[in-house]
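Visitor: Residue numbers (mature numbering (1 follows the signal peptide of the UniProt record, and there is no 0)): -27 to -1, 1 to 290. This structure is in structure tokens; I'll ask about it shortly.
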Amino acid sequence: MKSIIGKVTLCATALLGTMAFAGSAAAQDYPNRPVELIVTFGPGGGADLMGRTMAQLMEESLGVAIPVSNVGGASGNAGLTQLRTNPADGYTIGTLISLTVASWASGLGDNKPEDFRVISVVQSSPSFLFVPTSGPHQTAEALFDFAKANPGAITVATSGYGTQDDVTLKLLSNAGIQMENVPFQAPAERYASPIGGHTSAIYEEPGDVAQFIAAGQLAPVVVFAKERHSEFPDVPTSAELGIDISGLDNYRSIAVAAGTSDEIVAKLEAAVATATASDEWKAFCAKTYTCITPVTGDAAQAMVSDFRDLIAAQLAN
């Protein structure tokens, strides 16, 4: 009996050793085929532009093609579920952004911070309310006063329920400024809605609507941040208007499924670092008002968990 047990133990040990060696060899050979990048929102939005720009720049470092797939829906959770359930072998990477993390705190989807490994947080920007320049409310004071007098009459285009767009509108409602959330899955439709008169305003980052600001079609009226934005110094913060809503910046990251090996994560992290150090990336992030020092490792993981907890605390108030 002891002999049989010993043989079984030796076989199991040998099998584990073989599996570990195979995993190590696969990591050393990574990548040897295309790596899919899942953009968790529809074409034309900020996440899409970031994902496509990053894919193009990472191809140069990794030496393989990085095709981009848009898997929108459920405030980004549809794409993340696909990322989470695909093999954790580094051949599927995706965008993980704070809009989706906020939705977890709101009870949307079944994804969790521990389901993913964040390679790098590469963008961040505070959000604003923008109004069409052809509309009747050209200041935040005018917009808020009308909303107070006419609850629900002001409609705001957002990226979805459960996101910080939705959370911000709930916080404003708690302050007596009740505005109606109108979610759009397609970014292009969201951007066009206030310009076409379908909504009264849009909750967005300036980089995502830069072309409409430059064209004089949209104007920012309030920024949800501790300080005024350096590129829009005349736009007041919500705190200046008596409603302190901050810390809900929209950040964007590249992530993989939990369980991806340290060796593969290190290769992806190096590729992203090379991308963000390039002149092409610096020009892109400057154009979209999203430049930050990239956040990696434990600090990046903590950003996701801490943001989920922050939103949960905001909703509990």
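We put the beta carbon where it would ideally sit given N, CA and C, even for glycine. This structure is a prediction, so every number in the text was calculated from the model and none was measured.
For a minimum of 3 consecutive residues, which ranges assigned as the beta strand (DSSP E) are wholly contained in the region 40 to 111?
Guide: DSSP runs (the beta strand (DSSP E)) wholly in the region 40 to 111: 41 to 43, 65 to 70, 89 to 98, 101 to 105.
Visitor: Going along the chain, which residues of its own chain have a beta-carbon closer than 8 Å to the beta-carbon of Gln111, five neighbours each way excluded?
Guide: Val104, Ala192, Val194
Visitor: Residues bridged to Ile11 by DSSP?
Guide: Ser42, Gly67
Visitor: Since Asn154 is in the beta strand (DSSP E), which residue starts that stretch and which ends it?
Guide: 153 to 156
Visitor: Short check: CB of Ile11 to CB of Ser93, under 7 Å?
Guide: no
Visitor: Output yes or no for whether 7 Å exceeds the beta carbon distance between Ala239 and Ala61.
Guide: no
Visitor: By how many angstroms is the C-alpha of Gly19 removed from the C-alpha of Phe117?
Guide: 27 Å
Visitor: Look at Gly46 and Pro160 and say whether their C-beta atoms are less than 7 Å apart.
Guide: No, these two residues do not count as a Cβ contact at 7 Å.
Visitor: Identify whether Thr249 lies in helix, strand or coil by the three-state DSSP scheme.
Guide: helix
Visitor: Quick check for students: name the residue ranges of the beta strand (DSSP E) that lie wholly in the region 134 to 175, counting only runs of 3 or more.
Guide: Segments of the beta strand (DSSP E) lying fully in the region 134 to 175: 153 to 156.
Visitor: What does DSSP give as the partner residue(s) for Ala226 in the beta ladder?
Guide: According to the sequence displayed, residue 226 carries Ser and not Ala. BP columns for Ser226 point to Leu69, Val94.
Visitor: Put Val37 into one of helix, strand or coil per three-state DSSP.
Guide: coil
Visitor: Report yes or no: do three or more beta-carbon pairs, one from the region 33 to 42 and one from the region 2 to 9, lie closer than 8 Å?
Guide: Segments in contact, yes.
Visitor: Note down the Cα distance separating Ile216 from Val140, rounded to an integer number of angstroms.
Guide: 14 Å
Visitor: Out of Val196, Ser219, Ser251, which has the shortest C-alpha to C-alpha gap to Val208?
Guide: Per the Cα distances, Val196.
Visitor: Following the continuous alpha helix (DSSP H) through Val194, name the residue where it begins and the one where it ends.
Guide: It is not in any alpha helix (DSSP H) - Val194 instead sits in the beta strand (DSSP E) that spans 191 to 196.
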